[in-house]
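Residue numbers for the sequence shown, in the working numbering: 655 to 914.
A virtual CB, placed ideally from N, CA and C, is assigned to each residue, including glycine.
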Amino acid sequence: MTPTLDGKVAIVTGGASGLGLGIVRRFVDAGASVVIADIDAAGRQLAGECGGRARFERVDVSSAEDVSAVVDAAVRHFGGLDVMVNNAGISSTMHRSFLQADLSDFAKVMSVNVLGVMLGTREAARYMAGHDGGSIINVASIGGLQAGGGVMTYRASKAAVIHFSRSVATELAPLGISVNCLAPGGVPTPILASSVPGLAPEAVDKFVQKTREKMRRDRPLPLEGTPEDVGEAALYFAAATRTAGMVLAVDGGTSARESA
Ligand SMILES: NC(=O)c1ccc[n+]([C@@H]2O[C@H](COP(=O)([O-])OP(=O)(O)OC[C@H]3O[C@@H](n4cnc5c(N)ncnc54)[C@H](O)[C@@H]3O)[C@@H](O)[C@H]2O)c1
Numbered sequence: 655m656t657p658t659l660d661g662k663v664a665i666v667t668g669g670a671s672g673l674g675l676g677i678v679r680r681f682v683d684a685g686a687s688v689v690i691a692d693i694d695a696a697g698r699q700l701a702g703e704c705g706g707r708a709r710f711e712r713v714d715v716s717s718a719e720d721v722s723a724v725v726d727a728a729v730r731h732f733g734g735l736d737v738m739v740n741n742a743g744i745s746s747t748m749h750r751s752f753l754q755a756d757l758s759d760f761a762k763v764m765s766v767n768v769l770g771v772m773l774g775t776r777e778a779a780r781y782m783a784g785h786d787g788g789s790i791i792n793v794a795s796i797g798g799l800q801a802g803g804g805v806m807t808y809r810a811s812k813a814a815v816i817h818f819s820r821s822v823a824t825e826l827a828p829l830g831i832s833v834n835c836l837a838p839g840g841v842p843t844p845i846l847a848s849s850v851p852g853l854a855p856e857a858v859d860k861f862v863q864k865t866r867e868k869m870r871r872d873r874p875l876p877l878e879g880t881p882e883d884v885g886e887a888a889l890y891f892a893a894a895t896r897t898a899g900m901v902l903a904v905d906g907g908t909s910a911r912e913s914a
């Protein structure tokens, strides 16, 4: 049976682009009302395309005030909050060797990828604890499961999301709140190009093309990953009430291999 979110209210952070956009569309299709919580106003147009079942709120997930305000907005406009997807995330800058990494983006990456997820979990759980519970889905990455090079701060941030989610799941489950984690594999979205700032457009295109080829090679399933795959997996956790503390790799089998 296809899970339904009829009558449910969800917030999707980072819902204006990429995987978040895939989750927003899947949730709206499944019957939910969705708040698209993003720092990028592109989410306003997406909300307009969802026929009254979505609204955009400008949110910086690393701000406790913003995150608290978006929970209030969901309750005010749609009457409650059943599902929180902490999906917003950024890449760290790619380095050829960790010896050359200046780590100048460390605080920014950690504040969006880790603090943002922790604030989203806390603010949603504060509401859900007094309103029959709910489901919280934190988007990590197979970069937080598998060792590998290139983007150490990003990998460290995603490993932190996984450990935080499993830990907080044990504390929130008795309150009727299920916290689970998605660990997507590579999906071509704007985040790829953002890991190589300062390159000329042709060099960025070449980088994205090479990265996509590697991502395809690494997947046992011979299909490139898509935002729809991640939307489907998010729907499972959104509708499930009997799983908590799980980490679901949505990666076509990539992380089942020995190494990245
Ligand atoms: N694309 C992949 O290959 C991949 C793989 C594994 C995990 N992920 C994770 O999936 C999530 C979504 O990534 P994506 O690939 O869709 O990237 P994306 O760049 O397409 O989308 C990220 C969204 O987050 C928003 N955002 C960034 N900083 C924000 C902030 N401070 N507050 C609110 N919104 C903010 C952006 O505006 C954007 O809409 C991220 O957490 C990413 O780490 C992506």
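query, result
"Among the residues of its own chain, which have a CB less than 6 Å from the CB of S909, if the five just before and after it don't count?", "I796, L799, Q800 and A903"
"For A893, I'd like the list of residues in its chain whose CB is within less than 6 Å of its CB, leaving aside the five on either flank, ordered along the chain.", "P657"
"Of the choices S745, T775 and A813, whose alpha-carbon is the least far from that of V822?", "T775"
"Assess, as a yes-or-no matter, whether the stretch 663 to 671 is touched by the stretch 685 to 700 under the definition of 3 or more beta carbon pairs within less than 8 Å.", "yes"
"Take G661 as the anchor and find which of G734, R873 and G784 has the nearest alpha-carbon.", "G734"
"Straight-line CA distance for V688 to C835?", "19 Å"
"Can you pull the DSSP bridge partners for P881?", "According to DSSP, P881 bridges with nothing at all."
"May I ask you to list the residues that DSSP assigns as paired with A664?", "V688 and V737"
"How long is the line joining the alpha carbons of R752 and R679, rounded to whole angstroms?", "Per the sequence shown, the amino acid found at residue 752 is Phe instead of Arg. Going by the C-alpha atoms only, they are around 38 Å apart."
"What separation, rounded to the nearest whole angstrom, lies between the Cα atoms of T667 and M748?", "24 Å"
"Going by CA-CA distance only, name the one from A755, A742 and L829 that's closest to G803.", "A755"
"My guess is that V625 and V815 are in contact by the Cβ rule of under 8 Å, so how many angstroms apart are they, rounded?", "A question about residue 625 goes unanswered here, because the residues of the chain that appear run from 655 up to 914."
"Cβ of D714 within 7 Å of any heavy atom in ligand 1?", "yes"
"Run through DSSP, which three-state label would V725 get?", "helix"
"Grab me the residues of S745's own chain with a C-beta within less than 7 Å of its C-beta, minus the 5 sequence neighbours each way, in chain order.", "V805, Y808, I845, S848 and S849"
"By Cβ distance, which residues of its chain are closer than 6 Å to V663, with the 5 residues on each side in sequence left out?", "S687, A728, F732, G734, L735 and D736"
"Are G830 and G899 closer than 8 Å when you measure CB to CB?", "no"
"Short check: CB of G839 to CB of R873, under 8 Å?", "yes"
"Would you give the residue range spanned by the beta strand (DSSP E) that P838 belongs to?", "I831 to P838"
"Rounding to the nearest angstrom, what Cα-Cα distance links I665 and R871 in this structure?", "34 Å"
"Assign G674 to one of three DSSP states: helix, strand, or coil.", "helix"
"Expressed to the nearest angstrom, what Euclidean distance is found between the alpha-carbon atoms of V768 and F681?", "24 Å"
"V805 CB to nearest chain D CB: under 8 Å?", "Within the model displayed, chain D is absent; a lone protein chain is all it includes."
"Classify A896 as buried or exposed, calling it buried when 16 or more other Cβ atoms lie within 10 Å of its own Cβ.", "With the sequence shown as reference, residue 896 is identified as Arg, and Ala is not the correct amino acid for it. Under this definition R896 is an exposed residue."
"Could you check where the beta strand (DSSP E) with A708 kicks off and where it finishes?", "A708 to R712"
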